[in-house]
Amino acid sequence: MGRKYIIFRADWREEEGASQRLLAHTGACTDILSEHFDSSNRAIPQPGYRVPEFHNVPAFDDPEVPGTSTHWCRGNWQVVRVEEYPMGTPESEFEMVVICYCQYVPIQTELKPIKRMESPQSVTETAAVSGG
């Protein structure tokens with residue numbers, strides 16, 4: 003499967019949770035909850051999938067990238083239906099556009115730390131130091 007553009011949006015019939023979908027930079031209300039660009043071979047989200055939430059816990063902040071997300075959890079928005087739109091032309095940027103309609107279904111979940119990937123530079127530095 004090629005590159006997929008996945009849009010999570012509040013079901014237009016869903017009014018509960020409206021205050022949870024404010025745009026960070028303007029405070030305006032939006033239907034779009036999240037966008038994902040997926041180049042993996044994983045299946046697209048299905049009903050029941052929960053949109054992940056990302057948080058910054060200052061005590062775990064990385065000084066090299068301060069203010070970035072340090073933890074995640076399963077979110078309060080749950081996919082209730084999915085629409086797929088395959089692209090019909092070879093020059094399309096995406097093989098498929100997927101719209102996941104979500105309802106606000108609050109749950110209690112615990113934060114889990116985000117595993118940091120090593121940057122290519124740190125891998126190179128480690129190999130140089132270890133003689134690899």
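Mapping of the sequence shown onto my numbering: residues 3 to 134, in sequence order. Even glycine gets a Cβ: it sits at the ideal position worked out from N, Cα and C. Just so we're clear, the structure is a prediction, and the values are computed from it rather than from any experiment.
Rounded Cβ spacing between residue i and residue j (contact assumed at less than 8 Å)
i	j	result
E8	C75	According to the sequence displayed, residue 8 carries Ile and not Glu. Actually they are not in contact, since the Cβ atoms of I8 and C75 sit about 19 Å apart, beyond 8 Å.
I34	R11	5 Å
Cβ pair residue i, residue j closer than 8 Å
i	j	result
V82	Q48	no
P108	N78	yes
I46	E86	yes
H144	L113	With the chain represented from 3 up to 134, any question about residue 144 goes unanswered, as that position is not in the structure.
Exposed unless 16 or more other CB atoms sit within 10 angstroms - verdict on residue i
i	result
W14	exposed
V59	exposed
T72	buried
V67	exposed
Where residue i falls: helix, strand or coil (DSSP)
i	result
A61	helix
F56	strand
K117	coil
V100	strand
Y51	coil
Q110	coil
Host beta strand (DSSP E) of residue i (start-end)
i	result
A2	Past the edges of the chain, shown from 3 to 134, lies residue 2, and the structure says nothing about it.
Q80	73-88
D33	Unbroken run through D33: none, as it is neither H nor E.
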